[in-house]
Each structure stands twice: as C-alpha cells, then as structure tokens.
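Peer 1:
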Amino acid sequence: MKELFTMLTDPRFHLVSNVRERFGQGPEPTYVRLNREGFSIDAGIKKKTLVHPYMHLATHPFAGKGDLFAPMYGEITDITERSVFVRHMEPTEEMKAACEAEPMTDILACEERGEALVPVLKAMGLNTKSLGQECETLIVNCQNPDPGVTWAEPMLLTHTRTLAAGLTMLRRLSRAQRIILAVPEELKIKVHDFEVVPVPSRYPASVNALVVKAVTGRERPDGIGIVGLHNVWSLGHVAMTRKPLIETVITIGSLSFTGNYIVRDGSTVGELLKFARVTLSAGDTIVRGGPLRGESVDKQDRSITKGATGLFLVEKGSVAPMIGHSPCVSCGSCVAICPARLRPDMLSRYAEFGLHKRCLEQYISSCLECGLCGYVCIARRPVLQYIRLAKAKLGISVLKTEGLYAQEEATTTGEARS
Amino acid sequence: MSAHTNSLLFAMSAPPYWHCGRTVCKRSMDQLLALAPAMVMALINWGLPALRVVALSVVVCVLVEVVCCAIMHRRQTVHDFSAVVTGVLFAFLLPAAAPWWLVVIGAACAMLFGKMLFGGLGDNPVSTPLIGWAILFVSFPLFMDPNVMQLASDYEDPLAVLKYLGVARAQEISLVDLLLGRQIAALGAGQIGGLLVGGVYLLFRGVIRWQIVLGMLAGVLIPFAFVHSLAETATITPTFHLFTGSVVLCAFFIATESNIAPTHSLAMILYGLTCGILVFLIRSYGSYTDGAPFAILVASLLTPYFDLVRPKPFGVR
Ligand code: SF4
Ligand code: SF4
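In order, the protein sequence lines correspond to chains A and B.
Under our numbering, the first residue of the first sequence is numbered 0, with each subsequent residue one higher.
Under our numbering, the first residue of the second sequence is numbered -6, with each subsequent residue one higher.
And the structure:
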C-alpha cells in the first residue's frame, strides 16, 4: 500500500540501477589527506618524509583495523592529530625502486584460517572487524547501500574474479557455517557454490537489519552476522593485486551524472568531483557517503577514505532547503514511512526539547537510521539528526556496538571522517 | 593546500540530502486543488452567495493568522497557505446564506481557539474548522441550520425529509441529485460529487490516509446496512446516509487532518470506524440530523487512546 500511495516515487530508490560498466580508474591525486585518528605513526615517518605507493605509514592498536599506507608518490607536508597530508611529487629513481621493492603478498596462498588470518589482512590495510564476526550465519549484503550508489551490480556481475577471490577469503576468515549472498531479486546470478537469496531491492531494503530480516524472516535474530559487499570487494582487490589496500570504490554522482571509480585513499572531494567533470557552484552541498545517510562536508579538501561508499553533489535548489527551527506539523508522513514502525515525529520532538529520556519510551533504539523520515518530512525537519542527537545523549550507540551495523559505522561515522 | 581550497561556499546540512519535494505549502496547494471541484459545484448550485461566504472566511482566517503571529512574536507562517485551506473548509460547513457576521465570528474563533492558541499548524488536538463550527452551532443554532437559512431554495434537505416526513418521502430523492449537490446542506458539504473527486485525488497524492477514509465510510455504511437489512419496517438505504449531511466532507477532508488523527494503520482504521459509528448513533438516536462534525470532534478527543494501539517496533520482542 505504501508504494501505491506515493511516498517513494523517486525511481532512484530502486536499488538496481542496471549499471554494468567496469569501474573507471580515478584521478592521480595531487594531494591527499589520510585519516590517522587512533593510529600510531611508524618510526621515521615525519614531515618532509618522501613516500611511495604501498609504503607503510602507521599502525592501529586495534587488531581489526587495517594499517595505513601511502597511496602515491609524494612528500608528507604535515601530520596532525587526525590526518597525514601528502603532496604529490614526481618520483625520483630511488622512490621508484623503493616502490618496486615493496613486497607482494598473495593472501590467497596463505595457510592461515580464521583468527590467524586477521593479522595478515591487517598488514595489508584491511579492516576485518565486520568480516570475521562471531556468528553461525554470515550474510553478504549485495545491495547498493543508498539510493544513487551504483557499484554493487558491477561488483557482482562484471568484476567477478575480484568477487570470487573476496568470497574465498571471506570463507577462510569467517567462522560462520553458512555464508549467504543477499542479492537484489531482479538479478538472477549464481556465484560458485555460495547460497544466493533474492531480497527486495527498493530502499530501505538495503539497510543491514532489513536485509537480515528479508533473508531470515526474523527481526534482529541472534547468531547472524552481516557484511557489506564493499568490504568483500576490498578483500578480493587485495587478493588480486597482492598489494596492500590503498584504494576504494565509490560512486560519484550529481543530478545529471553518475559513475563508479576506483579512487585512492585520501583523495580530496574537490579533485574527485573535478575529475568526474561535476561543476560546483556556491550553495551546493557536497555529500560524502550516500545521499540518505551520508554527511555533508564543508571544504573541497576533505577526503574520501577506504570505507566511503560515494560522493554526491546535491545542487542548490534541487531540494527544498532546511530552514532553521521548523516545527513539526504532525503530517504523519514519517510515521507512515518508517520501516521500524516508530514515531519519528515524537522522537524528533522529544529530542528537540531535550526530553531524551522519553525517546526511550518511544523505542528509539529500534531506529535503523535509514533517513526516510527526513526524506518525507514536509516541514523539512532534520528528523534523523534529532534522533541521532537523542541517541548520543542517551549513550545508545546501536550503530556502533552491534555487528549488524558494523558496515554502517565504518561508512557513516568512524572512518569517513577526516 | 591553497590550490585545493578555493573560495566557493558550500551548504552544510543534516542527512538525508535528498528530499521527496513535498512541503507544507505544496500540501496546502494540493488541498485547495482538491477542494476546487466542490467549490465550482457550490457556485453552480448556490451562486455568488457561496463565493461570498468562502472569500470572507478565507480573508478572516488569513488575517487572524497574520495578526496572531505578530502578537505572539512568532515566525510568520501565513505563507504556508494552511489558513486558506482552513478558511475554505470552514466556509464549506456554513449555509450559503450565512450572514457576514456569522462567518467572521466563526472563522476568527476557529483560527484563534482551534489553531493559534495551541501553537500553530499541527499542534491543535481538535480540528480547526470544526472548532469554529461548534462554537457557532451552540451559539447560533438557527443561523447554522441550512434548512432554515435556505428558504428561498427549490432544493430540499434530505436529512430533514427523512426525519420529519418519513422514509417513503426520502426514498424519492435520487442519488444523482445528491451527488450533484442538488440538496440543502452546508454550502460545500453538499457538493458530494466534487468532494469525492477531490478526496480521491488527495488519497493518491498521499496527503490523506486511506485507513481513515475507509474506516469512516465503513463505520457509516456497515451499521446502516445492518439496520437496513434487519429492520422490519422500511428504512432508507445506507448510501443515502453517505451522500447527505457532511459525511463525505468530513471523511475525506476533516477527519483526515493528520494532527487530530492517530498515526499507525490499525489505530487510524479504528479511529475512522469510531467516527462513522458515532455518525450512525447520532443520526439514529440523537436530535441532530447530520452528526458528522460532532462525531469527529468526539473521536479526535480519543486520539491519544487510539495512539496506544501501535505495532511493535522493529526487533522489539
Ligand atoms: S531513520 Fe527515521 S524512518 Fe528510519 S528507522 Fe529511524 S525513525 Fe524510522
Ligand atoms: S514528517 Fe515531519 S512534519 Fe510530518 S509528522 Fe514527521 S516530523 Fe512532523
């Protein structure tokens, strides 16, 4: 009924985009900004150090978090609490030789299995936190995470060798008895000996909790883990290149343009948009991550990191602007659309007036943070932001602690921020 | 670094960055568009006096909103056109021959006590136009009775016919006449055909919820159909009740006002049914011939209780 009565008429909410092209190679960055929050920088790495691709820069104390590598030839211009800045320079012969000398590791040939594989992958720059979850069944979420993002189908249908390598590694790493690929129902695919389950493909169907429900028929069941296709692709990419991960796949999109690129870790949003020939004007909004769940950035020199799923330009005037304090007019649209069956109108009101405790009575921790409440709000209230505020005040970090949401955390909060 | 930071300023905001495009103002426009067919029919059936009442009511509603926002030092909200919608809806509940002072008092009371004092659009627990209607109805019952006010008309009031002249006479009234608004009722409420067209439009635009509309229509139809099929003496068909008084106007345009209704599906159906059944009770046993506005006033006061009927949130066991 919901579909019939207009809520999500935008065709972009259909997550199958029919994009099949191979990923384009992104630009050679002239300047990168690498996220180093929590990392300890290697001895000898400091300002003015010359770096080359795949050069080891820093290590994170957490076992599940991959090491940091330089993504290109250049010189470190600054190291701050949060970032390492590198400016491109033409490589000298020495630098080229050093790059050549970086070891190759064929992770597919490794003997290790399960836990023992974690340090190997960490040393290749891979995050394993969400990959090696303790669960009986591991679901691979093969949907484009947000409307507008289009890399999932090429990953499934075009870059099949990378996918196969990634899945092989995943099977070795995970202790799950079953690994299930949750694939949009329109795509009839077979992947070796993996179990494929068709799932609905209209947003919010790609939200992890809803994928789990589509596959198992249950809401928040125990013993089920879920991992994003993006992570599996990274695993496969490392297996294929035999080099540490210094790249990521993102969709770059605007109103009239969309394309998928393999871009270097730390590339700045300004350079990426320019490369994709997306013209920026004053008053536009640059969105890192998906258009529904991402975050806006203030400057063109903010960067894309390994977990990012997309980079979007929302042209000024293409959506009604949010204007300051806008009271709820109780239109009920958000309640009608909420996939978690909550009352976003009440949640956002309580948060607005600082009544965070009352949000608990309204089951705030069931919120899937899909963002649809804000999408349909006719008063243009930042409903999701209010909910996140209340969650933060209440100390509920559903998206951070549960394995279910690990991917979302990586893309929307932790990693993407630098 | 300077090469990468140029002077363009970007807009920062909160996710989501896409939006469905609907705004309060566009919703009002949809509502006005939906009321237009009934307005045209009212002009045909009642002539210029109908236009006079509607125009006056709209002007008063808009002025009250402007003045209240100014006095209360709130952001001006009049440009969302919701006051215009209220003005039209309120006028639709009045007889076409209503005197000017009646319109002014009613519209002003509606806006003041039915909206602005609660804090503006969406904060009122009872319907704005109905507040104005109720105040007038208890203060000036004679002036609010279309049957009394519309003496010069050739039409007849089907509900009065049914009540005072009996079923046999009422059965002679054709449904087509009712649909075309050839009946004595409030100036907009009687334009059944136009209201149905507009109401269905609102349904498909997602402005109103089908659960409420269906609930209310079923709430009226089912008990009357029940009585109709069981009664030993002759009774009027249930559709007669649907197309008379202000049932259609209320079901599509007033009961569906989202802030007075509950929000979850089942609760909305129950609320709609309650509205409908109250209409049945008032018409069968009460002294008012219509009853629909009162039914909604009462049902909307129960909304906090309907709201307790809610589905389990995601993953809650
Ligand atoms: S983000 Fe909004 S619509 Fe989505 S689950 Fe949470 S409250 Fe519901
Ligand atoms: S969609 Fe916006 S205005 Fe409508 S009820 Fe929800 S929060 Fe309020």
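Glycine included, C-beta positions come from ideal geometry on N, C-alpha and C.
Have a look at A/Arg348 and B/Pro88 and give me their C-alpha separation to the nearest angstrom.
Peer 2: In a straight line, the C-alpha of A/Arg348 is about 40 Å away from that of B/Pro88.
Peer 1: Tell me whether A/Gln132 sits in a helix, a strand or coil according to DSSP, three-state version.
Peer 2: The answer is coil: DSSP assigns A/Gln132 none of H, G, I, E or B.
Peer 1: Measure the Cβ-Cβ separation of A/Met154 and A/Leu234 and say whether it is below 9 Å.
Peer 2: Cβ distance not < 9 Å, so A/Met154 and A/Leu234 don't count as in contact.
Peer 1: Mapping DSSP to helix, strand and coil, what is A/His229?
Peer 2: DSSP places A/His229 in helix when its eight states are reduced to three.
Peer 1: Contact defined as beta carbons within less than 8 Å: I believe A/Asn259 pairs with A/Ser205. What is the distance between those atoms, to the nearest angstrom?
Peer 2: That belief does not hold up - the Cβ atoms of A/Asn259 and A/Ser205 are roughly 16 Å apart, past 8 Å.
Peer 1: Going by C-alpha to C-alpha distance, which of A/Ala307, A/Trp232, A/Ser295 and A/Pro199 sits closest to A/Thr250?
Peer 2: When only C-alpha atoms are compared, the closest one is A/Ala307.
Peer 1: Since A/Gly293 and B/Pro134 should fall inside the 8 Å C-beta cutoff, what is the C-beta to C-beta distance between them, to a whole number of angstroms?
Peer 2: At roughly 59 Å, the Cβ-Cβ gap does not stay under 8 Å, so A/Gly293 and B/Pro134 are not in contact.
Peer 1: Enumerate in chain order the residues of its own chain whose CB-to-CB distance from A/Pro457 is below 6 Å, with the five nearest sequence positions on each side excluded.
Peer 2: Because chain A here runs from 0 to 417, residue 457 of chain A falls outside it and cannot be looked at.
Peer 1: Three or more C-beta pairs closer than 8 Å, one from the stretch 142 to 160 of chain A and one from the stretch 13 to 23 of chain A: is that the case here?
Peer 2: A contact exists between the stretch 142 to 160 of chain A and the stretch 13 to 23 of chain A.
Peer 1: Counting C-beta neighbours from all protein chains within 10 Å, is the total for B/Tyr298 16 or more, i.e. buried, or is it exposed?
Peer 2: It is exposed - the Cβ of B/Tyr298 has fewer than 16 other Cβ atoms within 10 Å.
Peer 1: Under 8 Å Cβ-Cβ, which residues of chain B neighbour A/Phe311?
Peer 2: Ordered by position in chain B, the residues that pass the 8 Å Cβ test against A/Phe311 are Tyr10.
Peer 1: Report yes if the C-beta of A/Glu368 is less than 8 Å from at least one heavy atom of ligand 1; otherwise report no.
Peer 2: Yes - ligand 1 has a heavy atom lying nearer than 8 Å to the Cβ of A/Glu368.
Peer 1: Indicate the three-state DSSP secondary structure (helix, strand or coil) for B/Leu144 in the structure shown.
Peer 2: If DSSP states are grouped into helix, strand and coil, B/Leu144 belongs with coil.
Peer 1: Compute the minimum distance between the beta carbon of B/Ala254 and the heavy atoms of ligand 2, and state whether it is under 8 Å.
Peer 2: Because no heavy atom of ligand 2 lies under 8 Å away, the Cβ of B/Ala254 does not count as near it: no.
Peer 1: Identify each residue in the stretch 246 to 265 of chain B for which the Cβ-Cβ distance to at least one residue of chain A is less than 7 Å, and report them in chain order.
Peer 2: Answer set for the stretch 246 to 265 of chain B: Ser251, Asn252, Thr256 and His257.
Peer 1: Which residues, in order along the stretch 1 to 34 of chain B, keep a beta-carbon less than 8 Å from a beta-carbon of chain A?
Peer 2: The residues in question are Leu1, Leu2, Phe3, Ala4, Met5, Ser6, Ala7, Pro8, Pro9, Tyr10, Trp11, His12, Cys13, Gly14, Arg15, Thr16, Val17, Lys19 and Arg20.
Peer 1: Would you list, in chain order, the members of the stretch 279 to 299 of chain A that have their beta-carbon closer than 9 Å to a beta-carbon of chain B?
Peer 2: Within the stretch 279 to 299 of chain A, the residues whose Cβ lies closer than 9 Å to some Cβ of chain B are Leu279, Ser280, Ala281, Gly282, Asp283, Thr284, Ile285, Val286, Gly288, Gly289, Pro290, Leu291, Arg292, Gly293, Glu294, Ser295, Val296, Asp297, Lys298 and Gln299, listed in chain order.
Peer 1: Would you say the beta carbon of A/Val382 comes nearer than 8 Å to a heavy atom of ligand 1?
Peer 2: For ligand 1, at least one heavy atom lies less than 8 Å from the Cβ of A/Val382.
Peer 1: Please compile the residues from chain B whose C-beta is within a distance smaller than 9 Å of the C-beta of A/Pro338.
Peer 2: Per Cβ cutoff of 9 Å: Phe307.
Peer 1: Quick one: does the C-beta of B/Ser251 sit closer than 8 Å to a heavy atom of ligand 2?
Peer 2: True, at least one ligand heavy atom lies under 8 Å from that Cβ.
Peer 1: Can you tell me whether DSSP reads A/Gly309 as helix, strand or coil?
Peer 2: Strand.
Peer 1: Return the first residue and the last residue of the alpha helix (DSSP H) that B/His12 is part of.
Peer 2: It is not in any alpha helix (DSSP H) - B/His12 carries neither H nor E in the DSSP assignment.
Peer 1: Measuring alpha carbon to alpha carbon, tell me which of A/Gly316, A/Val248 and A/Thr159 ends up nearest A/Arg287.
Peer 2: Considering only alpha carbons, the answer is A/Val248.
Peer 1: Residues of chain B with a CB under 7 Å from the CB of A/Ile377: which are they?
Peer 2: Under the 7 Å cutoff, chain B gives Arg15, Thr16, Val17 and Arg20.
Peer 1: Cutting at 6 Å between CB atoms, please list the residues of its own chain near B/Asn38, excluding the five before and the five after it.
Peer 2: Cβ neighbours of B/Asn38 beyond the five flanking positions: Gly174.
Peer 1: Per DSSP, what are the beta-bridge partners of A/Ser302 in this structure?
Peer 2: Looking at the DSSP assignment, A/Ser302 forms a beta bridge with A/Thr267.
Peer 1: Where does A/Asn126 sit, in a helix, a strand or coil, going by DSSP?
Peer 2: DSSP places A/Asn126 in coil when its eight states are reduced to three.
Peer 1: Identify the continuous beta strand (DSSP E) that holds B/Tyr264 and give its terminal residues.
Peer 2: Careful: B/Tyr264 lies outside any beta strand (DSSP E), inside the alpha helix (DSSP H) at Ser258 to Tyr278.
Peer 1: Kindly identify the DSSP beta-bridge partner or partners of A/Gln24.
Peer 2: A/Gln24 is bridged to A/Ile261.
Peer 1: Per DSSP, what kind of secondary structure is A/Asp77 in: helix, strand or coil?
Peer 2: It is a strand residue.
Peer 1: Residues of chain B with CB closer than 8 Å to the CB of A/Met321, please, in chain order.
Peer 2: What A/Met321 touches in chain B: Ser6 and Ala7.
Peer 1: Taking only the alpha-carbon atoms, compute the straight-line gap between A/Lys315 and A/Ala281 and give it to the nearest angstrom.
Peer 2: Straight-line Cα distance between these residues: approximately 8 Å.
Peer 1: Counting only runs of 3+ residues fully inside the stretch 360 to 397 of chain A, write out the beta strand (DSSP E) ranges in chain order.
Peer 2: Fully enclosed beta strand (DSSP E) runs of 3 or longer: not present.
Peer 1: Have a look at the DSSP bridge pairing and note the partners of A/Ala181.
Peer 2: A/Asn140 and A/Val196.
Peer 1: DSSP three-state call for A/Leu291: helix, strand or coil?
Peer 2: Residue state, collapsed to three classes: coil.
Peer 1: Any idea which residues DSSP pairs A/Gly252 with across the strands?
Peer 2: In the DSSP output, where bridge partners are listed per residue, A/Gly252 has A/Thr257 and A/Phe311.
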